[in-house]
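Only one structure is covered here, and it is reproduced in the block below.
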Ligand SMILES: Nc1nc2c(ncn2[C@@H]2O[C@H](COP(=O)(O)OP(=O)(O)OP(=O)(O)O)[C@@H](O)[C@H]2O)c(=O)[nH]1
Ligand SMILES: [Mg+2]
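Protein chains in written order, with the working numbering: chain A, 893 to 1480; chain B, 81 to 273.
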């Protein structure tokens, strides 16, 4: 069980499934899964990759487009990108998708890689007190130091938080304040929030190339659904925390479901008809990844765990991972209808899970921070990975790759978790169980008493049988005998054959008699009395006699056979013969 | 041979029939190349992605080629192997501008060469490093490196850069193929090792 052989077998496993198409360790891409999108931007069947690059520090933020292994173009971004999505805005030909980049309070929409439209989040209500203070500053009624004190007191107790301008002002050193106030005091005070996450929602068709609405989550704890053409707000929902990850499914006009992970560690599930979250999943840790696989939701948390939840928020399973989760993404192999979840881990591995089964492990040369699977170039099943060090890694799933659904993770076998089809408990069953639980002692006593009685009567019957030698096997040690009887014929004449055997080892039996007891009105036996010859041990002695039935009423009775010792009245053994009904006479 | 071939041609004697498999990834230019090899009056103008496969014929000075132009799309690639037995030569087309999928072409080539119906036969393999006209295309040397063609030991092979649109490079390849077939296969029989 050396770990090296383990990892080399894993290497083989991953090599049998993935082709290494490209690796550029210095691609200079600093991005996350939410900022990578694949789309046929030019409608030529050659899918491009669009990446929102966060650059380094506050500079160099860019929107980069890749074709194959090379960068095709880049556009500068003014603020950090928080989401990139490719979506069809309208029905116009050619049906090439637009790119939406969420950044600060804006969504920049690009068409044909050219800026096309900018959407701005609606401004939020400004704190009235704050506004008044700034108005006074504008008229030079208060000096910066007073302004600072007043803003601080507002910040500490106000319900509506301060605007960005005030917050920045409060961070300044004394000597910078004057200039800051002079620069900004003339401008109207605004309070604006920023976009934290973005997704797309099909408008009214389920097709692959349906027109999509944008769904955005904001720092103010709200969700917006935007019209794809007019960019008006179609729906606005308030949440109790800041959304960080989104998953959207369904169609806006028909029925949809938005699953949103929030900064308070909860995941909310919203439906079309409800203004408030329909279900809530409370997790004890931060959610770091959210992926829907078919109908279930896979949630990765900061506690190195991956949970599977039903769409109603019921936990189905939990897997513990070997390292912290960096990012998660969906793997969908459309040609085979396979869906699974990719999990980028801090130990430089990418795990592929279908439900809780680990299907594949990919070792990467660096920590993967961005994952995206889909059609890229002309290849349907391409996996794009960006790394912490800015590298770009592209792998292609082999045409012949097979994912075995067996659980490669150590642990209890899958059979253990298969639910048995146990029928529901009936009311009768429940009542009965309750009664048994309450009266257990009394019931046990009654049972014990009945058991003792049964044993007693069984013992009595046994003793009686022994005393009367009523059994066909003699019990006395001196005369070990067995007797069995057979009746032949259909009547009214029957032949009765008695097989008598001495079962002792070497002692012969002598002076034995056989007699019968029967209803003389019913049967005639002749002869009805025998002297038994000497019985040699081990041999079988058939003794025959004839029984005639004298009744024509079709009735039968028992004939008792006794084996006796000369001069003793208690029989050695007794046999009861159940006579058959005389059919010959009944027929005659 | 040249004289006999020419004589045969003049006398209208029947040319030797050769079955060739044209393989390669989708969009590599297989159909475009085969189309270009056909006589000018039989060429089509619009070329669409092949569905399944199509059978095309063209003639060279001494041979009559029947080409199985297979579709290169992933979902049709498992059809290829059903025609391996019938093929006497292989034309493998590579889009030399598609660097991303060079590994996929390599993988498919390996699977092909290791197939039971191909592995032990000494059939010639002609590679076209196609789309050489594109700015970002790789040279034929680079393509043969990426596909590790030097590992092919038991089959005669040849690679040429080509442009399926203008026809550049195609003649060189077809001439090589014709030579291989007429030399190694004088009785028009399939030599098995
Ligand atoms: N620039 C350039 N384009 C080419 C060349 N050869 C083919 N093409 C183009 O590549 C595209 C695909 O060509 P096809 O011949 O359909 O490719 P294929 O290999 O038959 O594809 P499938 O039938 O799908 O397997 C077409 O748009 C051709 O015009 C070439 O040498 N240079
Ligand atoms: Mg074709």
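We put the beta carbon where it would ideally sit given N, CA and C, even for glycine.
Quantities reported herein were computed from a predicted structural model and do not represent experimental measurements.
{"Asked": "Touching by the beta-carbon criterion (3+ pairs, under 8 Å), the segment 1089 to 1102 of chain A and the segment 1140 to 1156 of chain A", "Found": "yes"}
{"Asked": "Residue 149 of chain B CB to nearest heavy atom of ligand 2 below 7 Å", "Found": "yes"}
{"Asked": "Status (buried if at least 16 other CB within 10 Å, exposed otherwise) for residue 1321 of chain A", "Found": "exposed"}
{"Asked": "Cβ-heavy atom distance, residue 130 of chain B to ligand 2, below 7 Å", "Found": "yes"}
{"Asked": "Neighbouring residues, chain A, relative to residue 107 of chain B (Cβ below 9 Å)", "Found": "937, 938, 1270"}
{"Asked": "8 Å Cβ cutoff met for residue 1442 of chain A and residue 1383 of chain A", "Found": "no"}
{"Asked": "Candidates A:1012, A:907, A:1089, A:912, of which the one nearest residue 1285 of chain A by Cα", "Found": "A:912"}
{"Asked": "Simplified DSSP assignment, three categories, for residue 975 of chain A", "Found": "strand"}
{"Asked": "Interface residues of chain B facing residue 1288 of chain A [CB-CB closer than 7 Å]", "Found": "183, 184"}
{"Asked": "Coarse secondary structure for residue 1264 of chain A, derived from DSSP in three states", "Found": "strand"}
{"Asked": "Residues near residue 1438 of chain A in its chain [Cβ-Cβ closer than 8 Å; skip 5 each side]", "Found": "1385, 1386, 1387, 1388, 1417, 1418"}
{"Asked": "Whole-angstrom C-beta distance between residue 1373 of chain A and residue 1456 of chain A, which should lie under 8 Å", "Found": "With 8 Å as the limit, residue 1456 of chain A and residue 1373 of chain A do not qualify as a contact, their Cβ atoms being about 11 Å apart."}
{"Asked": "Outcome for residue 1033 of chain A when other beta-carbon atoms lying within 10 angstroms are tallied against a minimum of 16", "Found": "exposed"}
{"Asked": "Alpha carbon of residue 1240 of chain A to alpha carbon of residue 1328 of chain A, nearest angstrom", "Found": "58 Å"}
{"Asked": "Ligand 4 heavy atom lying under 7 Å from the CB of residue 952 of chain A", "Found": "No copy of ligand 4 occurs in the structure displayed; its ligands are ligand 1 and ligand 2 alone."}
{"Asked": "Contact test: residue 211 of chain B Cβ vs ligand 1 heavy atom, cutoff 7 Å", "Found": "yes"}
{"Asked": "Complete alpha helix (DSSP H) runs within the segment 1062 to 1118 of chain A (minimum length 4 residues, chain order)", "Found": "1066 to 1076"}
{"Asked": "Continuous alpha helix (DSSP H) stretch holding residue 1228 of chain A: start and end", "Found": "Per DSSP, residue 1228 of chain A belongs to no alpha helix (DSSP H) and is neither H nor E."}
{"Asked": "Any non-hydrogen atom of ligand 2 closer than 7 Å to residue 116 of chain B Cβ", "Found": "no"}
{"Asked": "Chain A contacts made by the segment 194 to 216 of chain B, where a contact means CB separation under 8 Å", "Found": "216"}
{"Asked": "Chain B within 8 Å of residue 1291 of chain A, Cβ atoms only", "Found": "yes"}
{"Asked": "Euclidean distance between Cα positions of residue 1144 of chain A and residue 1100 of chain A", "Found": "15 Å"}
{"Asked": "Residues near residue 986 of chain A by beta carbon distance below 8 Å, same chain, minus five either side", "Found": "935"}
{"Asked": "Paired residues, beta bridge with residue 1295 of chain A - DSSP", "Found": "Its beta-bridge partners do not exist; DSSP assigns none."}
{"Asked": "Short Cβ contact (8 Å threshold) for residue 242 of chain B with residue 217 of chain B", "Found": "no"}
{"Asked": "Chain A within 8 Å of residue 180 of chain B, Cβ atoms only", "Found": "yes"}
{"Asked": "Contacts around residue 1379 of chain A, its chain only, beta-carbon distance under 7 Å, and the 5 residues preceding and following it disregarded", "Found": "1386, 1388, 1469, 1471, 1472"}
{"Asked": "Length of the line joining the Cα atoms of residue 272 of chain B and residue 235 of chain B", "Found": "Per-residue confidence for residue 272 of chain B stands at a pLDDT of 40, beneath the threshold of 50, marking its modelled position as unreliable; no derived number is given."}
{"Asked": "Straight-line Cα distance separating residue 1280 of chain A from residue 1057 of chain A", "Found": "33 Å"}
{"Asked": "Sheet register partners of residue 1196 of chain A (DSSP bridge)", "Found": "Residue 1196 of chain A pairs with nothing; no bridge assigned."}
{"Asked": "Pair within 8 Å by beta-carbon distance, residue 314 of chain B and residue 105 of chain B", "Found": "Past the edges of chain B, shown from 81 to 273, lies residue 314 of chain B, and the structure says nothing about it."}
{"Asked": "Nearest neighbour of residue 163 of chain B, chosen from B:257, B:151, B:118 [CA to CA]", "Found": "B:151"}
{"Asked": "Contacts of residue 929 of chain A in chain B (Cβ-Cβ under 7 Å)", "Found": "Residues of chain B passing the Cβ test: none, with the nearest at roughly 17 Å."}
{"Asked": "Positions along the segment 154 to 178 of chain B whose CB lies within less than 7 Å of some CB in chain A", "Found": "154, 155, 157, 178"}
{"Asked": "Exposure label - residue 1061 of chain A; buried when at least 16 CB within 10 Å", "Found": "buried"}
{"Asked": "Segment limits, beta strand (DSSP E) that includes residue 1138 of chain A", "Found": "1135 to 1143"}
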